[in-house]
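Residue numbers (my numbering): 71 to 220. All C-beta atoms in this analysis are idealised placements derived from N, C-alpha and C, irrespective of residue type, glycine included. Worksheet: the structure to be examined is printed underneath.
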């Protein structure tokens with residue numbers, strides 16, 4: 071029995087070693103970002119060398135401006151809604167504080183906005199929240215319609 075266990079350890083060590091060698095070969099045995107180039111050959115004296123052009127001053131490229139993400143515009147507030155702040159979206163079953171903050175970043179603050187979602191909006195926000203179908207399963211649109219009334 072002991073011989074069998076010792077034999078299995080030897081096979082395990084050999085397979086690990088073989089895997090390391092294969093990985094080293096496939097990776098190319100060099101750190102990321104390095105490029106192997108063949109050594110340059112020196113030009114033969116018989117080859118004509120073209121005259122070098124004078125160096126032109128290089129202009130530095132403009133740095134790329136980061137794109138700013140702006141929340142979607144919210145419809146104008148009227149009446150009692152104008153004085154009220156954002157709704158507590160966590161009252162919708164299945165919508166937690168993290169999802170509420172993500173929706174706020176996307177410009178969704180009120181039940182009436184969720185109540186007006188179309189099928190395309192549901193797909194968009196399902197992907198944004200990584201909800202995996204929870205919006206439809208928990209009927210967020212229906213719950214939002216009820217909460218928007220009262």
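Q: Hey, could you find the ends of the alpha helix (DSSP H) residue 156 is sitting in?
A: Here residue 156 belongs to no alpha helix (DSSP H), and DSSP marks it neither H nor E.
Q) Closest to residue 186 by CA distance: which of 88, 199 and 216 is it? A) For residue 186, the nearest C-alpha among the options comes from 216.
**Q.** Residue range of the alpha helix (DSSP H) that includes residue 165
**A.** Counted as a single uninterrupted DSSP element, the stretch harbouring residue 165 is not any alpha helix (DSSP H), since DSSP gives it neither H nor E.
**Q.** Buried or exposed (CB count within 10 angstroms, at least 16 for buried), residue 95
**A.** A residue is called buried when at least 16 other Cβ atoms come within 10 angstroms of its Cβ; residue 95 does not meet this threshold and is exposed.
Q) To the nearest angstrom, how far is it from the Cα of residue 165 to the Cα of residue 159? A) The straight-line gap from Cα to Cα measures roughly 7 angstroms.
Q: Decide if residue 86 is buried, meaning its Cβ has at least 16 other Cβ atoms within 10 Å, or exposed.
A: Exposed: under 16 other Cβ atoms inside 10 Å.
Q: On a CA-only basis, which of 207, 157, 210 and 199 is nearest residue 168? Give me that one, please.
A: Nearest option by C-alpha distance: 199.
Q. Taking Cβ positions, are residue 156 and residue 181 nearer each other than 7 angstroms?
A. No, they are not a contact pair.
Q.
Am I right that residue 184 and residue 211 are in contact with their C-beta atoms under 8 angstroms? What's the rounded C-beta distance?
A. Confirmed, Cβ separation roughly 6 angstroms.
Q) Is residue 208 near residue 163, with beta carbons less than 7 angstroms apart? A) At a Cβ-Cβ threshold of 7 angstroms, residue 208 and residue 163 count as neighbours.
Q. Quick one: what's got a C-beta closer than 7 angstroms to residue 151's C-beta in the same chain, skipping five residues either side?
A. The predicted position of residue 151 is uncertain, since its pLDDT is 49 and thus under 50; no value can be drawn from it.
**Q.** Reduced DSSP secondary structure (H/G/I, E/B, other) of residue 181
**A.** DSSP places residue 181 in helix when its eight states are reduced to three.
Q: Determine the DSSP secondary structure at residue 208, reduced to helix, strand or coil.
A: Secondary structure at residue 208: coil, using DSSP grouped into helix, strand and coil.
**Q.** Exposure label - residue 82; buried when at least 16 CB within 10 Å
**A.** Residue burial annotation: residue 82 is exposed, with fewer than 16 other C-beta atoms found within 10 angstroms of its C-beta.
(Q) Going by DSSP in three states, residue 220 sits in which element: helix, strand or coil? (A) Coil.
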